[in-house]
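Asks: Here it is, the structure in full.
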Amino acid sequence: MSLDRREAMKVAAMSAACGLAGSMASRSSAAPEPPVPANPNVPGVEWDKAPCRFCGTGCHVQVGVQDGKVVAIAGDQQAEVNRGLLCVKGYHVGGILYGADRLTKPLLRVDGKLEPIEWDEAIDIVARRIMEAGPKFGMYLSGQSTIPEGYAGNKLMRGGLSNNHLDANARLCMASAVTGFLSTYGVDEPASCYDDLDTCDTLILWGNNPAEMHPVLFSRVVDRRVRGDKIDIIDIGTRWTRTTERADHHLLMKPHGDLAIANCVAQQLIEWGEVDEDFVAKHCNFRADRTPEQSCTHDDYIAMVAEKGAAGLFGEPIDYAQYKELVSFYTPEKASELSGVPVEQLVMLAKVFADKKRKIVSLWCMGMNQHTAGTAINNLVHGIHLLSGHWGKPGDGPQSLTGQPSACGTVREVGTLSHALPGGRLVAKPEHRADIEQRWNLPEGRLNPEIGFHTVKMFEEFCKPTAEGGGINTIWVQVTNPGQSLPNTHKLFKAKEGQPDKFLIVSEVYPTATTELADLVLPSAMWVEKNGVYGNSERRTQQWFKMVDPPGEARDDCWQTIAVARRLFELGLEGLKDKDGEWLFTVRDEAGEEVPIWEWENYYGRVNVDKALFEEYRQFTYMKHKNVAPYDELVAHRGMRWPVIETANGGFKETRWRFVEGSDTYVEPGKGFQFYHSVTNDDRALIWFRPHQDPAETCSEPYPFMLTTGRVLEHWHTGTMTRRVKQLSNAMPKAYLEMNAEDAREMGIANGEEVEVRTARGKMRLPVWLNGRARPPRGTLFVPFFDETASINDLTLDAIDPFSKQPDYKKSAARVTKTADLDPHSSDEVQP
Numbered sequence: 003m004s005l006d007r008r009e010a011m012k013v014a015a016m017s018a019a020c021g022l023a024g025s026m027a028s029r030s031s032a033a034p035e036p037p038v039p040a041n042p043n044v045p046g047v048e049w050d051k052a053p054c055r056f057c058g059t060g061c062h063v064q065v066g067v068q069d070g071k072v073v074a075i076a077g078d079q080q081a082e083v084n085r086g087l088l089c090v091k092g093y094h095v096g097g098i099l100y101g102a103d104r105l106t107k108p109l110l111r112v113d114g115k116l117e118p119i120e121w122d123e124a125i126d127i128v129a130r131r132i133m134e135a136g137p138k139f140g141m142y143l144s145g146q147s148t149i150p151e152g153y154a155g156n157k158l159m160r161g162g163l164s165n166n167h168l169d170a171n172a173r174l175c176m177a178s179a180v181t182g183f184l185s186t187y188g189v190d191e192p193a194s195c196y197d198d199l200d201t202c203d204t205l206i207l208w209g210n211n212p213a214e215m216h217p218v219l220f221s222r223v224v225d226r227r228v229r230g231d232k233i234d235i236i237d238i239g240t241r242w243t244r245t246t247e248r249a250d251h252h253l254l255m256k257p258h259g260d261l262a263i264a265n266c267v268a269q270q271l272i273e274w275g276e277v278d279e280d281f282v283a284k285h286c287n288f289r290a291d292r293t294p295e296q297s298c299t300h301d302d303y304i305a306m307v308a309e310k311g312a313a314g315l316f317g318e319p320i321d322y323a324q325y326k327e328l329v330s331f332y333t334p335e336k337a338s339e340l341s342g343v344p345v346e347q348l349v350m351l352a353k354v355f356a357d358k359k360r361k362i363v364s365l366w367c368m369g370m371n372q373h374t375a376g377t378a379i380n381n382l383v384h385g386i387h388l389l390s391g392h393w394g395k396p397g398d399g400p401q402s403l404t405g406q407p408s409a410c411g412t413v414r415e416v417g418t419l420s421h422a423l424p425g426g427r428l429v430a431k432p433e434h435r436a437d438i439e440q441r442w443n444l445p446e447g448r449l450n451p452e453i454g455f456h457t458v459k460m461f462e463e464f465c466k467p468t469a470e471g472g473g474i475n476t477i478w479v480q481v482t483n484p485g486q487s488l489p490n491t492h493k494l495f496k497a498k499e500g501q502p503d504k505f506l507i508v509s510e511v512y513p514t515a516t517t518e519l520a521d522l523v524l525p526s527a528m529w530v531e532k533n534g535v536y537g538n539s540e541r542r543t544q545q546w547f548k549m550v551d552p553p554g555e556a557r558d559d560c561w562q563t564i565a566v567a568r569r570l571f572e573l574g575l576e577g578l579k580d581k582d583g584e585w586l587f588t589v590r591d592e593a594g595e596e597v598p599i600w601e602w603e604n605y606y607g608r609v610n611v612d613k614a615l616f617e618e619y620r621q622f623t624y625m626k627h628k629n630v631a632p633y634d635e636l637v638a639h640r641g642m643r644w645p646v647i648e649t650a651n652g653g654f655k656e657t658r659w660r661f662v663e664g665s666d667t668y669v670e671p672g673k674g675f676q677f678y679h680s681v682t683n684d685d686r687a688l689i690w691f692r693p694h695q696d697p698a699e700t701c702s703e704p705y706p707f708m709l710t711t712g713r714v715l716e717h718w719h720t721g722t723m724t725r726r727v728k729q730l731s732n733a734m735p736k737a738y739l740e741m742n743a744e745d746a747r748e749m750g751i752a753n754g755e756e757v758e759v760r761t762a763r764g765k766m767r768l769p770v771w772l773n774g775r776a777r778p779p780r781g782t783l784f785v786p787f788f789d790e791t792a793s794i795n796d797l798t799l800d801a802i803d804p805f806s807k808q809p810d811y812k813k814s815a816a817r818v819t820k821t822a823d824l825d826p827h828s829s830d831e832v833q834p
């Protein structure tokens, strides 16, 4: 039975006021039973909470289920993040479950064609491929994997296989934010929270477009204006967007111009005597890639670093005088030359930071992170907040946003990165490995001290022929679509074709660009078809229960990992045993009996496997003061922001602002602010000098345009889910090429006309969209990456930040040719 239109409208109207109905999935007996809806006037509909499946905002939805199917979605008014509001994708999130081409059966490629097989055979194939590959096996997870999924993958790889070739797609979107936080504060993730959007009076957007990418958060700011609040919005970016429409100031910059802009703010604060000297003296140290000699000019410093190289992520100390000397180069005139931003706008921005009465929030996402100087610009934005004292007060501080629902919780916190271990521990640190071995009851030395391959390197090694030294021959991909989302996909993904010794395993919900080259496809459960826990951009850990069954034989990714781990144990792989000979993933019921959770029929039964894994993982979170809440507390809340501290009466209190006395329990009384994980071990944050640098690829005569990529409002990432939702697909059916109208006029290109866009890596044909929802300046192009039929990442550059290893999708040199002007007799070969 399905609801008709009138019933569906009733459901949507009432659901915002609904509580939670009894769950259809296994709950802990200790968890409080949520209330039933206040006015359940649609018979047979049951309700439960869940975070939205899309971006890192972490909105909560009310999910209405009838006859085993999701029939209605509404914003959850009890959720602090979104207060009942959803974006257009959120309102249609239920539809992602019901595309006509869901994968429902394991598929093995036989003679070039995917053929159905049984689960037992599929699990056995994965296990035997892992054993055969040994150190040439890699696992690729996601910021969309749940925390238990990420933790299970981490335990399998590090503890079971002694293998660090584990990375996640957050490497492509958030890695530079991670290295920026680590090298500034000594620990990852924002100190602030979304509450600052409700109290700031200036919002600075560094290369992001929240009106489309994080619309619910942007609405919190725009709605304040409707209520009469005065809030200035400063949009710094390389194109005019829907966010620009709402901005008071638009600083249109050249690619990489943000480095010069931030340095100019620091230079002006120093020149005007507007540095918060007291805050800096008490709470900050200074850092650079290298310690310069005394009286070292900017040019001397650049030459020295070019000769010696950078001294690693944490650089070398400099003093305040050296910092002043180096940053003095970035006068408004010089910064204007480098950034393309007029002098008067640079001075305006500096005056904003000089105003001690202002409350300033800086927000950023991919524009700063997908950057070959991503770590550097992250450092600089943190630095000008610290230098000016606009830090650590409500409405006053820097905050990065994430693009995926659990890029923080599952990747950054759980540590599903090639250099990381759970809870902020590092592969390279012997004491961290020893701690993990003790907690997992492993023999000494089980954990591998060698850092694994990061994402770009992993797929480069996978696509490199074995005869040429390719270091990976088998990859298991879960909950992501690298065939479309990797940069330079001809090199990093499509080159796998025609190499029979390379084996690709893909756990997926729909056919994708990745499954096209998969040798084994495992059908997965999605979102409310399974239990889960996510962690959003403001340190908020969010839990939900399974509400409907997945279609056919689709099964949880977490179960798939556990089933493979069990099969490896049965095949006699020693790594799957702890030092007492017990299976690494043993889970016992309340009577102490082992539950065979590797058998699908027992996975949802006597125990909640998600809870068991989450509670095991929770013990790892204390070292870096990232204490996540107990599972049962998360059941009762719409997420809690860590560190979550147990109070004297046995309750639990979340933390809104870290490192701030009165908010963060870990700050010692009288300190005011305390960066208790500081790089310099003295409770001080680091203010970095990072010079301007040119992009890895710049325009030339053959390639006179600069191409950038990104998302659109209607679609999320590679469109695997949103393109199956009719309303979203109809609203934005195909990719397009944005270009400047003057450039188009000079080239004789009309709106809607098909053109060829080409880079040194590939080419494709796209219709041109002039003066649409966004407008690039002259010499620049934009293409969204949601459309698998026009995969723009075939063309993008794979140059990476040297510290974060994150690729730069924003700056690829390109050319545009009218289709009618193409020479049919010219070589089809792409030339750099």
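Using our numbering, read the sequence shown as starting at 3 and increasing by one per residue. Glycine included, every Cβ here is placed at the ideal spot set by N, Cα and C.
Pull up the CB-CB distance for isoleucine 453 and tyrosine 142, whole angstroms please, since I reckon it's below 8 Å.
Replies: Contact doesn't hold; Cβ gap of about 16 Å is too wide.
Asks: Should the segment 493–504 be regarded as contacting the segment 515–525, the criterion being three or more beta carbon pairs within less than 8 Å?
Replies: yes
Asks: Could you check the C-alpha separation between isoleucine 794 and phenylalanine 281 for me, to the nearest Å?
Replies: 46 Å
Asks: Rounded to a whole number of angstroms, what is the C-alpha to C-alpha distance between phenylalanine 455 and valine 662?
Replies: 37 Å
Asks: Can you tell me which of the three DSSP states tyrosine 325 falls into?
Replies: helix
Asks: Report all residues from its chain with a CB closer than 7 Å to the CB of valine 727; omit the five preceding and five following residues, and keep chain order.
Replies: His94, Gly97 and Ile98
Asks: Scan the segment 190–215 and note each continuous alpha helix (DSSP H) run of 4 residues or more that stays entirely inside, going in chain order.
Replies: 212–215
Asks: In the DSSP assignment, the beta strand (DSSP E) including glutamate 714 goes from what residue to what residue?
Replies: Checking the sequence, you will find valine at residue 714 rather than glutamate. Here valine 714 belongs to no beta strand (DSSP E), and DSSP marks it neither H nor E.
Asks: If I measure Cβ to Cβ from histidine 251 and keep anything under 6 Å in the same chain, skipping five residues before and after, which residues do I get?
Replies: Ile236
Asks: Less than 9 Å separating the beta-carbons of arginine 222 and aspartate 203?
Replies: Not in contact: arginine 222 and aspartate 203 (Cβ atoms no closer than 9 Å).
Asks: Using 8 Å as the cut-off, can you tell me whether the segment 790–805 makes contact with the segment 763–782, which would need three or more C-beta pairs spanning the two stretches below that distance?
Replies: yes
Asks: Short check: CB of threonine 682 to CB of asparagine 380, under 9 Å?
Replies: Taking 9 Å as the Cβ cut-off, threonine 682 and asparagine 380 do not qualify as a contacting pair.
Asks: Whose C-alpha, out of Gly60, Ala776, Ile119 and Ala52, is nearest the C-alpha of glutamate 540?
Replies: Of Gly60, Ala776, Ile119 and Ala52, the residue nearest in Cα terms is Gly60.
Asks: Can you list, in chain order, the residues of its chain with a C-beta nearer than 8 Å to that of valine 329? Leave out the 5 residues immediately preceding and following it.
Replies: Asn265, Ala268, Gln269, Ile272 and Phe691
Asks: Using beta-carbon positions only, say whether isoleucine 149 and threonine 412 come within less than 9 Å of one another.
Replies: yes
Asks: Assign arginine 747 to buried or exposed, taking buried as 16 or more other Cβ atoms, counted over all protein chains shown, within 10 Å of its Cβ.
Replies: Burial call: exposed.
Asks: From which residue to which residue does the alpha helix (DSSP H) around threonine 761 run?
Replies: Boundaries around threonine 761 are those of the beta strand (DSSP E), 756–761, since no alpha helix (DSSP H) includes it.
Asks: Anyone know if the C-beta pair for leucine 444 and lysine 581 falls short of 9 Å?
Replies: yes
Asks: Mark proline 809 as exposed unless 16 or more other C-beta atoms lie within 10 angstroms of its C-beta, in which case mark it buried.
Replies: buried
Asks: Compute the Euclidean distance between the alpha carbons of cysteine 836 and arginine 229, then round it to the nearest angstrom.
Replies: In the structure as shown, the chain begins at 3 and stops at 834. Residue 836 is therefore absent and cannot be evaluated.
Asks: On the DSSP letters alone, give me the boundaries of the beta strand (DSSP E) that histidine 62 sits inside.
Replies: 62–68
Asks: Helix, strand or coil, according to DSSP, for aspartate 234 in the structure here?
Replies: strand
Asks: Please confirm if the segment 563–582 is in contact with the segment 124–135, defined as three or more CB-CB distances below 8 Å between the two stretches.
Replies: yes
Asks: Between which two residues does the beta strand (DSSP E) containing alanine 815 stretch?
Replies: 814–820 is the extent of the beta strand (DSSP E) around alanine 815.
Asks: Comparing C-alpha positions only, which one of Ile599, Leu219 and Glu595 sits nearest to glycine 86?
Replies: It is Leu219 whose Cα lies nearest to the Cα of glycine 86.
Asks: Using 8 Å as the threshold, is the segment 665–683 in touch with the segment 553–567, meaning 3 or more CB pairs across them?
Replies: no
Asks: Can you give the Cα-Cα distance for alanine 527 and lysine 548, rounded to whole angstroms?
Replies: 10 Å
Asks: Please return the same chain residues whose Cβ sits closer than 7 Å to the Cβ of isoleucine 751, not counting the five positions on each side in sequence.
Replies: Val757, Val770 and Lys820
Asks: Taking serine 731 as part of the alpha helix (DSSP H), name the residues at either end of that continuous run.
Replies: 728–733
Asks: Residue range of the alpha helix (DSSP H) that isoleucine 507 falls in?
Replies: Following the DSSP letters along the chain, one finds isoleucine 507 in no alpha helix (DSSP H) but inside the beta strand (DSSP E) bounded by residues 505–510.
Asks: Would you kindly report the start and end of the unbroken beta strand (DSSP E) that includes asparagine 287?
Replies: 286–290
Asks: Is it true that the segment 364–371 meets the segment 278–294, where meeting means three or more beta-carbon pairs spaced less than 8 Å apart?
Replies: no
Asks: Assign serine 4 to one of three DSSP states: helix, strand, or coil.
Replies: Its pLDDT being 39, under 50, serine 4 is placed unreliably by the model, and the measurement read from it follows with that caveat. Three-state DSSP puts serine 4 in coil, outside helix and strand.
Asks: Could you check if leucine 824 is buried or exposed, using at least 16 other CB atoms within 10 Å of its CB as the buried criterion?
Replies: By the 10 Å Cβ count, leucine 824 comes out exposed.
Asks: Looking only at DSSP bridge pairs, what is glutamine 480 linked to?
Replies: Ser509
Asks: Enumerate in chain order the residues of its own chain whose CB-to-CB distance from valine 530 is below 7 Å, with the five nearest sequence positions on each side excluded.
Replies: Ala52, Val65, Val72, Trp546, Lys548, Met549 and Val550, listed in sequence order.
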